[in-house]
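FYI, numbering that gives the first Met the number 0 numbers position 205 of the sequence shown as 204, with every residue one higher than the one before it. Scroll down for the structure; my scribbles are underneath it.
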Amino acid sequence: MRWALVKVCLAVTAMVVVAFAVPLGLVIKEMARDRAFSNAEREAAVVVPALSITTDRGELERVVASAGSGDDMAVHLPAGEGRPAARLGRPRAADSDVEAVRALGRASTAGVPGGSVLLQPVALGLGTVVIEVYVPEAEVSNGVATAWAVLAGVGVALIVGSVAVADRLGVRMVRPAQRLAQGAHELGEGKLGVRVPEEGPTELRLAAVAFNSMADQVVQLLANERELAADLSHRLRTPLTVLRLNAASLGDSPAAEQTRAAVAQLEREVDTIIRTAREAKPQTAAAGPGAGCDAAEVVRERMAFWSALAEDEDRTVRVAGVDRPVRVPVARADLAAALDALLGNVFRHTPEGTAFAVDVHDAEDAVIVLVSDAGPGIPDPEAAMARGRGSGNAGSTGLGLDIVRRLAESTGGDVRIGSSVLGGTEVRVRLQLSGHEPPRRGHRGAVRRRRAGRPRRPASVFPRA
């Protein structure tokens, strides 16, 4: 917008300058010519009294020499009473031009090498005398170049001034628009405190007012959602208290201990949700330098928890790649929540007795966690990855895979769903390590090729019940 306004103003001002400067320059040139020939007429008028008094050639030559400027004047005397025609001074005009002026009886101009001549006829007793005054070309154009230079300078100054004024006006119009665009960009990045100054032209001020009102409404809506999430989470405390009291009376069996541990973990998760909602902080964020956890340890811990349920449902479980530490740049609680979401989907959406496996692969630039099963599979992986849609089965909310996806993307990785070697679903979670660029699209095939050519790590298999 700014440069468009400058270009329009430049074009309009240039046309106005040309429309006025060109005719004015031509008028100045004509005025200079008229001035030069007016001076020549005055010089010719000085000789007329002497011609009316005497016809002596010597006297007339002295008058011509004193009246003219050097060799710029000549007098053409007619013939008469036995006297031939004579010329005094230095004539430049052609005889035909002189005779034509003498016959017409009025002044005229004629072009000669180096300039022009003024031929002024004077009727005297001895006949019509023609006075010739030479006007050099330099005198005709005297001052014209200077006047044209002044006009050009004024025109350039007008154009530069108009462009400067248009640029300032453009800045006044564009700057509020740029601030509005920058504010919208920052708001889209999650900076909810950004506001736009309500200044500039009327339309942009109204746009800024509407933007600030929208931002205030967004902040209010997010605050209401956080309060609602906190309130709903707080309502879970009562049933959790009942579960904790009932779990305390189950005795000292392994199942009772696992139930009490699950209830305690559930209470911690509810507390985390409430604190996160109140503080308006993201639940999952990228870990800083030196932070993270041992993925192998987390997998062993969570598989020990799920193994009891696997035994109850007669499921065969295989775990590989957890025999040595594998560091990942995510928080321990976040990785455990993601694993619980994936394993919970296996138990929830596959029949009892369906085998599943968890593999951890430590690549050079990423850590890959594979959760596969021998169930019926997922017919539409893209729909399953869409937040809130789920698989369409009863009890499926679609939030479990979204938790896993956000965890992977917080490190620069991703989540993919495909077919497993067990015949069911394989969920591949790639956690990008710090200091490495995300791999290209062919990375998955490269990982599988490395898996095929690498000796399989020892697997710990939970026995069937």
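C-beta atoms are modelled at their ideal positions from N, C-alpha and C, and glycine is treated no differently.
Check: Thinking C-beta only, is arginine 171 closer than 8 Å to glycine 199?
Finding: yes
Next item on the list: Pull up the CB-CB distance for leucine 432 and aspartate 364, whole angstroms please, since I reckon it's below 8 Å.
Entry: 6 Å
Margin query: In this structure, how does DSSP classify serine 115 when only helix, strand and coil are distinguished?
Written below: strand
Notebook entry, point to check: Where in the segment 301-351 do unbroken runs of the alpha helix (DSSP H), each at least 4 residues long, occur, reported from the N-terminal end onward?
Noted result: 331-348
Next item on the list: Whole angstroms is fine: what's the gap from valine 334's alpha carbon to proline 196's?
Entry: It is worth fixing the name first, because residue 334 is leucine in this sequence and not valine. The straight-line gap separating the alpha-carbon atoms of leucine 334 and proline 196 is approximately 43 Å.
Item checked: C-beta contact flag for leucine 421 and alanine 373 at 8 Å -> Contact check for leucine 421 against alanine 373 passes: the beta carbons are separated by less than 8 Å.
Checklist line | Boundaries (first-last residue) of the alpha helix (DSSP H) holding glutamate 185 | finding: 143-187
Notebook entry, point to check: What is the C-beta distance between glycine 423 and threonine 349, in whole angstroms, given that I count them as a contact (C-beta under 8 Å)?
Noted result: 7 Å
Check: Taking 7 Å as the cut-off, does the CB of alanine 222 come closer than this to any heavy atom belonging to the ligand COA?
Finding: This structure does not include the ligand COA; it has no bound ligands of any sort.
Check: So, are the CB atoms of glutamine 119 and glutamate 58 less than 8 Å apart?
Finding: no
Margin query: Using a 10 Å radius around the Cβ and a threshold of 16 neighbouring Cβ atoms, would you call threonine 12 buried or exposed?
Written below: buried
Next item on the list: Using the DSSP secondary-structure output, state which residues sit across from glutamate 425 in a beta bridge.
Entry: Ser371 and Gly417
Notebook entry, point to check: Would a C-beta distance cut-off of 8 Å place arginine 101 and tyrosine 133 closer than the cut-off?
Noted result: no
Checklist line | Whole-angstrom distance between leucine 220 and leucine 341, CA atom to CA atom | finding: Roughly 31 Å separates the two Cα atoms.
Note to self: Looking only at its chain, what residues have a beta carbon closer than 6 Å to the beta carbon of tryptophan 305, apart from the 5 residues adjacent to it on each side?
What the structure shows: Leu342
Check: Comparing alpha-carbon positions, which option in Val366, Arg194 and Pro328 lies nearest glycine 291?
Finding: Pro328
Notebook entry, point to check: Is the distance from the Cβ of glycine 417 to the Cβ of asparagine 344 below 8 Å?
Noted result: no
Item checked: DSSP-derived helix/strand/coil call for aspartate 251 -> In this structure, DSSP gives aspartate 251 a state outside helix and strand, which the three-state scheme calls coil.
Note to self: I'd like the list of long-range same chain contacts for alanine 43, defined as Cβ closer than 6 Å, with 5 residues on each side in sequence excluded.
What the structure shows: Gln119, Ile130 and Val132
Check: Just the Cα atoms here: how many angstroms apart are aspartate 413 and histidine 360?
Finding: 15 Å
Margin query: Suppose you measure from the CA of aspartate 71 to the CA of arginine 86; what does that come to, to the nearest Å?
Written below: 13 Å
Notebook entry, point to check: In this structure, does DSSP put valine 128 in helix, strand or coil?
Noted result: strand
Notebook entry, point to check: What separation, rounded to the nearest whole angstrom, lies between the Cα atoms of isoleucine 377 and arginine 299?
Noted result: In this structure, the CA atom of isoleucine 377 is about 26 Å from the CA atom of arginine 299.
Notebook entry, point to check: When DSSP labels each residue in this structure, what does aspartate 379 get in the three-state scheme?
Noted result: Aspartate 379 falls in the coil class under three-state DSSP.
Next item on the list: Would you kindly report the start and end of the unbroken beta strand (DSSP E) that includes aspartate 71?
Entry: Counting along the chain, aspartate 71 falls outside any beta strand (DSSP E), and DSSP gives it neither H nor E.
Checklist line | Assigned secondary structure, threonine 258 (DSSP; H/G/I helix, E/B strand, else coil) | finding: helix
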